[in-house]
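Numbering-wise, the sequence shown is residues 1 to 491 according to full-length UniProt numbering. Cβ atoms here follow ideal geometry from the backbone N, Cα and C, with glycine treated the same way. Some notes on the structure that comes next.
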Amino acid sequence: MHIRLSSLHSIKTSDSNMGWKYLIFVLQDGAVLPALHFHKGGSKEVLQFLERFVWLSISPSNPNCLQVIDNRNALHHSLTQLQIFNEAPSMSVCTRFLKDAYVETMVGFSRVTKLMWDAFGSANINEIANNEKKIEIDCTPGIAVSSYEPGFEFVTCNKLGDDPAVSRLEPLTDVEFTSFFDSRGCLVEIDKFLERAFRGGLGHGIRQEAWKYLLNYYSFDFNNEMKLDRKHQKTGEYHSIKQQWQLITPTQEKNFKEFRLRKSTVEKDVLRTDRTHEFYKGEDNPNVKKLYNILLTYSFYNFDLGYVQGMSDLVSPILFVMENEADTFWCFVGLMERIGSNFDIDQKEIQKQLSLLYGLIRFVDPEFCNYLDTHDSNNLYFCFRWLLVLFKREFTFQETMLLWEVLWSQRLSQHFLLFICLAIIMNQKQVIVSNNYGFNEIIKHVNELALKLNLEDILKKAETMFIQVKRCKTMPSNIKELTETPNSFGP
């Protein structure tokens, strides 16, 4: 029997009460092939072999039917386990990254994940099979090179060296922040400002002004008059964009499916975003309405991207700081200019970051990286939620704002987020290895870390590892890129 896997729709399995096992293959065109009987066993091994190339999911309507999902959609199912969102999914990362309880009914999940490194793209079955054969890492002491990804070499660092002395400071105060401006209101001590934002974060009293610089709403050379002009101009622009959806009549809405879908999705998400926080707590909270207005307006400002689940997590703290819609909107626009590609449907940016993070882990700890390779976890999908919403679900509201200030300062690198990921992973290495965790167990463990992590310790460790990596005399270009300090501040 010869079957092209791309034409396979589902597989019917025998009832558990049968005396022997059989498999019936159903093709995409509806054709049903003759039953393949296993009088002496072997059906389980056939399914396990198929799981190397396709995702097999138990049908919710028939437990004896396995649905075949292509490798692009397989990623969506694997990310279900990440619990990116605490509530029921809407659209998104709703069609892209489904949220659900920890799923144990997926057949052979851990075996599939090892072969899904390229699942974001359109790699075919042969390419995936070939990639698996390429995962041959040289563990010999010295420089190790791997062809895990075409054109992508891994060079490992034998010893990172001693821990450098790093320090954290108290948040930047109002008085110190004021001293960074000249008499015209221009922020002239730019380096000091960014260093303090990185080193200790910002006092809450100055965030409303300071975040406008960090998110490119203000330029550093704006004087007081220019800032007032900017605010007046951008407030008008915001309300003009907002009116585009406010003026849609009920009849137009009835004939505008895309608008109805976006409106419904935003409405559902804002009703469950940070509702335990004082700023959003309670029925008929006006701040919830503001959050709704901002997100729906952004979907008209950036119509190609629209609204994607996860955006409400990013807007919520900004609105808490800015308190008004227009300033929040334009600060969010500035943030999305940096990370908006994380929400693209092809997920190439997330794929790139996971690939860079994998290279970083292999560079600093090839032995642990080999562990991940052999435990179906080298795709690093368990880090996905971290990257998508900038650790919003891992830390408290207050800690999240501090962490974002560290990241937005871009003081050490535009890629410092990956070193924070690295620090957390290295902190959890012992738990993972000692318990022999595979992908399912790692993802469960990572989910359970939420609100239990010590942010200050993680920031110190991330900076320590950044300095250690940067000091290495020999490193591949992809690692060197992560340690380069940007020449100028901006998106």
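- For I58, the pairing in a beta bridge is given by DSSP as L66.
- If you check the CB distance, Q468 and P164 come in under 9 Å.
- From the listed residues C369, L296 and F395, the smallest Cα separation to S264 is found for L296.
- Shown here, Y307 sits in coil according to DSSP, grouped into three states, outside any helix or strand.
- In this structure, the straight-line span from the alpha carbon of K480 to that of E463 is close to 15 Å.
- Cβ-Cβ separation between F391 and L372: approximately 21 Å, too far for a contact (criterion under 8 Å).
- Assignment of S299 by DSSP, reduced to helix, strand and coil, places it in the helix class.
- Only residues of its own chain outside the window of five on either side were considered, and among them A462, M465 and F466 have a CB closer than 7 Å to the CB of F419, listed in chain order.
- Per DSSP, reduced to three states, the secondary structure at Y218 is coil, with no helix or strand assignment.
- For Y22, the enclosing beta strand (DSSP E) starts and ends at K21 to L27.
- By the criterion of a C-beta distance shorter than 7 Å, V46 is surrounded in its chain by L23, once the five residues flanking it on both sides are discounted.
- Judged by their CB atoms, F53 and L5 are nearer to each other than the 9 Å cut-off.
- Taking all protein chains shown into account, T251 has fewer than 16 neighbouring C-beta atoms within 10 Å of its C-beta and is therefore exposed.
- Here A423 is buried. Its C-beta has 16 or more other C-beta atoms within 10 Å.
- In this model, T374 and E441 are separated by some 14 Å (Cα to Cα).
- By the CB criterion at 9 Å, N287 and L319 fall inside the cutoff.
- Under the 10 Å beta carbon count, G438 is surrounded by 16 or more other beta carbons and is classified as buried.
- The C-beta distance from E405 to L453 rounds to 17 Å, too long to fall under 8 Å, and the pair is not in contact.
- If the five residues before and after V32 are omitted, its C-beta is found closer than 7 Å to the C-beta atoms of I24 and V26, all from its own chain and listed in chain order.
- Here DSSP, grouped into helix, strand and coil, assigns F391 to coil.
- Secondary structure in the region 398-447: the alpha helix (DSSP H) runs of 4 residues or longer, each lying completely within the stretch, are 416-434 and 439-447 in chain order.
- Of the candidates T13, Q28, L36 and N478, the residue whose Cα lies closest to the Cα of L66 is T13.
- Around the Cβ of S409, a 10 Å sphere holds 16 or more other Cβ atoms; the residue is buried.
- Here DSSP, grouped into helix, strand and coil, assigns S167 to coil.
- If you look at H2, you'll find it isn't in any beta strand (DSSP E); DSSP assigns it neither H nor E.
- Annotation: M322 to L449 spans about 30 Å, alpha carbon to alpha carbon.
- Judged by DSSP in its simplified three-state form, H37 adopts strand.
- DSSP, read as helix, strand or coil, puts F181 in strand.
- With respect to the 9 Å criterion, L187 and Y218 are classified as neighbours on the basis of their beta carbons.
- Here the alpha carbons of R385 and R199 stand approximately 25 Å from one another.
- For I345, there is no enclosing alpha helix (DSSP H), as DSSP gives it neither H nor E.
- Under the three-state reduction of DSSP, L160 is assigned to coil, being neither helix nor strand.
- Under a 10 Å Cβ-count criterion, D376 is classified as buried, with 16 or more other Cβ atoms of the shown protein chains found around its own Cβ.
- By the criterion of a C-beta distance shorter than 7 Å, V389 is surrounded in its chain by G310, D313 and L314, once the five residues flanking it on both sides are discounted.
- Across the structure, S179 and E258 are spaced so that their CA atoms are roughly 49 Å apart.
- When rounded, the separation of the alpha-carbon atoms in A326 and L8 is 51 Å.
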